[in-house]
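Counted from 1, the sequence shown has number 572 at position 3 by this note's numbering; the numbering is strictly sequential. Glycine residues also receive a C-beta, built at the ideal position from the N, C-alpha and C atoms.
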Amino acid sequence: MVEMGMVDEVRTFFDANANYAVGIRKAIGVPEFDRYFRAEPYLDKQQRGKLLQEAIQEIKRNTSKLACRQLEKIHRLRNKKNWKIHMVDATEVFGWRGKDADEAWEKLVAGHSTEIVAEFLYNFSSQKSDPGH
570 MVEMGMVDEV RTFFDANANY AVGIRKAIGV PEFDRYFRAE PYLDKQQRGK
620 LLQEAIQEIK RNTSKLACRQ LEKIHRLRNK KNWKIHMVDA TEVFGWRGKD
670 ADEAWEKLVA GHSTEIVAEF LYNFSSQKSD PGH
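In structure tokens, the structure reads:
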């Protein structure tokens with residue numbers, strides 16, 4: 570993400586007086602860069618590089634924590650609430666560009682997701698119309 574321009578993108582959200590507990594500034598990647606952006610003008614290249622790496626490591630830790638919390642919630646919904654969970658993997662799509670990407674998205678993600686939602690809605694409406702449920 571850093572190589573794709575994350576630092577410059579997050580820089581657009583930086584505000585020394587911002588509240589990082591609300592809105593987009595709460596998103597992973599924004600608060601972690603606060604210290605870096607505040608100190609950046611006063612540091613030499615080596616110091617900036619060190620502080621940037623610290624921010625990146627903090628983002629990685631926070632992303633990992635978020636992923637673990639999300640997996641815990643998914644497992645709880647599946648195991649304790651008996652939800653039928655479907656996995657839709659979009660990873661392959663991000664390697665494509667242009668029309669090929671659109672076609673891959675439709676085939677691997679949108680099409681499959683639409684089928685899952687349609688099945689859910691059909692079963693939900695069938696249960697509502699069946700007085701025994």
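Query, Result
"Exposure of E572, with buried meaning 16 or more beta-carbon neighbours within 10 Å", "exposed"
"Residue range of the alpha helix (DSSP H) that includes A670", "G667 to W674"
"V571 in three-state terms, based on DSSP", "coil"
"Exposed unless 16 or more other CB atoms sit within 10 angstroms - verdict on P610", "exposed"
"Coarse secondary structure for F583, derived from DSSP in three states", "coil"
"For L620, the first and last residue of its enclosing alpha helix (DSSP H)", "K614 to N648"
"Three-state class that DSSP yields for N692 in the structure shown", "helix"
"Segment limits, alpha helix (DSSP H) that includes R607", "D603 to A608"
"From R630, N631, F602 and S633, residue whose alpha carbon lies closest to that of G619", "First, the residue type needs correcting, since residue 619 is Lys and not Gly in the sequence shown. With distances taken between Cα atoms, K619 lies closest to F602."
"Buried or exposed by the 16-neighbour rule on C-beta atoms within 10 Å, applied to Y605", "buried"
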